[in-house]
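If you read the sequences in order, they're chains F and U.
Going by the numbering used here, the first sequence opens with residue 1, and the numbers climb by one from there.
Going by the numbering used here, the second sequence opens with residue 1, and the numbers climb by one from there.
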Amino acid sequence: MSVPMTNELLSCTVDPAADPAARAEIKALLEACDLSYEPSIEAFVTLSRGRSLIACAGLDKNIVKCAAIAPAEQGESLSLTLMTEIAHLAHARGHNHLFLYTRPDNVDRFRACGFHRLVEVPGIAAFMENTPIGMRGYCAQLRTLRQPGRDIGAIVMNANPFTFGHRHLVEYAVAHCDWLHLFVVAEDSSFIAYRDRLAMIKAGVSDLPRLTLHPGSEYMVSRATFSSYFFKEKNAAADCFTAVDLLLFRNYIAPALGITRRFVGTEPFCITTRKYNADMKDWLQRPDSPHPPVEVVEIPRRTQDEVPISASEVRRLLAAEQFGRIGRLVPPFTLALLRGKYRPGRTPSQIPDPPTRADAVSPRKGPEPYENS
Amino acid sequence: MKIVREALAGTLESSDLMVRIAPHPDLEIVLQSEVMRQFGAQIEAVARDTLDKLGVTAALVVIEDKGALDCVIRARLQTVVQRAAEEWTAEWSALS
Chain F
1 MSVPMTNELL
11 SCTVDPAADP
21 AARAEIKALL
31 EACDLSYEPS
41 IEAFVTLSRG
51 RSLIACAGLD
61 KNIVKCAAIA
71 PAEQGESLSL
81 TLMTEIAHLA
91 HARGHNHLFL
101 YTRPDNVDRF
111 RACGFHRLVE
121 VPGIAAFMEN
131 TPIGMRGYCA
141 QLRTLRQPGR
151 DIGAIVMNAN
161 PFTFGHRHLV
171 EYAVAHCDWL
181 HLFVVAEDSS
191 FIAYRDRLAM
201 IKAGVSDLPR
211 LTLHPGSEYM
221 VSRATFSSYF
231 FKEKNAAADC
241 FTAVDLLLFR
251 NYIAPALGIT
261 RRFVGTEPFC
271 ITTRKYNADM
281 KDWLQRPDSP
291 HPPVEVVEIP
301 RRTQDEVPIS
311 ASEVRRLLAA
321 EQFGRIGRLV
331 PPFTLALLRG
341 KYRPGRTPSQ
351 IPDPPTRADA
361 VSPRKGPEPY
371 ENS
Chain U
1 MKIVREALAG
11 TLESSDLMVR
21 IAPHPDLEIV
31 LQSEVMRQFG
41 AQIEAVARDT
51 LDKLGVTAAL
61 VVIEDKGALD
71 CVIRARLQTV
81 VQRAAEEWTA
91 EWSALS
């Protein structure tokens, strides 16, 4: 065995969960660089010289986090080596399309590593992706789906599961614009699987005119855009949390489709969603932007027996197997799907899909919209 | 040669290039280079010629160039195609 020469640069991959000693070193380096350690990181690339760790970068699925170079080593081209290693590690783990958050003053450094800035929250964070044709390609696809009209509406919907409340919001929106673009959150981290949420929405709005149903994308309410990447200033982090998602919508998605209005339901229960709605009014409408504003229309929730209908209430009733009460809150298709696939004690993966459900659209294949005309 | 999976080759170090390839309906090359203005057209011509000799007619190729020489560009492209192709059908002797 050869002992590495003290000035030789050594690159390693670290599993932070399995290697507490390496994890402690990484934490110390991040601390020195004024960054917080992210427990969601599954793998780190580290660069060491001799016995000292001088640079690291982590991967949380396809999001690069905690990229840091020791202050004394900055100015060398270590960032190129570091980002080469992270690109190959990500590729080996099945991730080719990468995102990253960084402080705005680091944008040029990552630009040299093949990343492209998408949006910037002034003074706080920049959001970048590792391809020049990611968002550009997505917007080009969206532009082919533009519809004529003056008031073009949009809703971004998770529908976990789809209720009469969602139906009410869509009906209201369709009546208050010339065309509605309805996006389904593609991220598969909800109780109800993406393909089932898409199927429920499709069934739930199939009779409504002037509407395009879009599969979601990574650029909208996804793990990437809603990253829990927290900078040291916790308040700034809370802002950054929704601002990136909303700026992507205002600066790219809305102009591609000519969207002038975004419809949301009031949120009486969930603090996160309530904050998202409040931040939406700010980021989509603030005047100091070169991009046209998007009017935020917030409508009161539909109620049943004087209680606002919510998907979380439906999930609660589902856990108690109260299908009779669920039936008062959701359309028949949703009820049948919940009965068939989401009964308590069964996980959706245990139940094979009926062949008729093969119409679900993969979120990665780009929009294959379903248009109601 | 048919590109059936995404692949990656090369580095971001000076005088090298990082190249990504992915299945695509037609041939599209997206080039970023530190020396775009002086050598952008030349780099793209070398890339097209290399892919042509490999028989790659449909792929999305994204190149991040750091001032690589032509021979390096050819080598990296050959490697990335080898990693992404269903089956290597080129004659090495015919590639130079």
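The beta-carbon is built from N, C-alpha and C at its ideal position, and this holds for glycine as well.
Taking a C-beta cut-off of 7 Å against chain U, the contacting residues of the segment 103 to 116 of chain F are C113, G114, listed in chain order.
At a cut-off of 9 Å between C-beta atoms, A22/U counts as an interface residue with respect to chain F. A direct Cα-to-Cα measurement between F333/F and I124/F gives close to 44 Å.
For R143/F and P71/F, the gap between their C-alpha atoms comes out near 44 Å. In this structure, the straight-line span from the alpha carbon of E91/U to that of G10/U is close to 22 Å. Taking a C-beta distance under 9 Å as the contact criterion, A256/F and R146/F qualify as a contact pair. Within the segment 142 to 171 of chain F, no residue has a Cβ lying closer than 7 Å to any Cβ of chain U. Under the Cβ criterion of 9 Å, S217/F is not counted among the residues facing chain U.
Against chain F, the beta carbon of E6/U has neighbours under 8 Å at H91, N96, listed in chain order.
The Cβ of P132/F sits closer than 9 Å to at least one Cβ of chain U. Scanning the segment 17 to 89 of chain U from its first residue to its last, the whole beta strand (DSSP E) runs of 3-plus residues come out as 17 to 22, 27 to 33, 59 to 65. The beta carbons of S15/U and S77/F sit about 12 Å from each other, so the pair does not count as a contact at 8 Å. Runs of the alpha helix (DSSP H) lying entirely within the segment 295 to 344 of chain F, each at least 4 residues long, are 311 to 319, 323 to 326, 332 to 341 in chain order.
Within the segment 165 to 196 of chain F, the complete beta strand (DSSP E) segments of 3 residues or longer fall at 179 to 184, listed in chain order.
Here R150/F is exposed, its C-beta having fewer than 16 other C-beta atoms within 10 Å. Excluding five sequence positions before and after G40/U, the CB atoms of its chain that fall closer than 8 Å to its own CB belong to L31, S33, given in chain order. One finds G114, P132 in chain F with Cβ atoms closer than 8 Å to the Cβ of Q32/U, taken in chain order. The C-alpha of L182/F is placed about 15 Å away from the C-alpha of V297/F.
For V62/U, the C-beta contacts it makes with chain F under 8 Å involve T131, P132, I133, in order along the chain. Against chain F, the beta carbon of E13/U has neighbours under 8 Å at S77, L80, T81, T84, listed in chain order.
When Cβ-Cβ separations below 9 Å define contact, K66/U makes contact with chain F. Sorting A45/U, R37/U, E87/U, L12/U by C-alpha distance to the C-alpha of E28/U places A45/U at the top. Taking a 10 Å sphere around the C-beta of A68/F, we find 16 or more other C-beta atoms and assign the residue as buried. In this structure, the CA atom of L169/F is about 40 Å from the CA atom of R93/F. Apart from sequence neighbours up to five positions away, no residue of its chain approaches A278/F with a beta-carbon distance below 7 Å. L211/F places its beta carbon 9 Å or farther from that of V156/F. With respect to chain U, the C-beta atom of A87/F has a partner C-beta closer than 9 Å. The beta-carbon separation of L17/U and E64/U, rounded to 6 Å, stays under the 8 Å limit for a contact.
The residue among I259/F, T273/F, V244/F, F44/F with its C-alpha nearest the C-alpha of P148/F is I259/F. Within the same chain, G67 come within 7 Å of V35/U by CB-CB distance, once the 5 residues on both sides are set aside. In this structure, L29/F lies near L53/F, with their beta-carbon atoms less than 9 Å apart.
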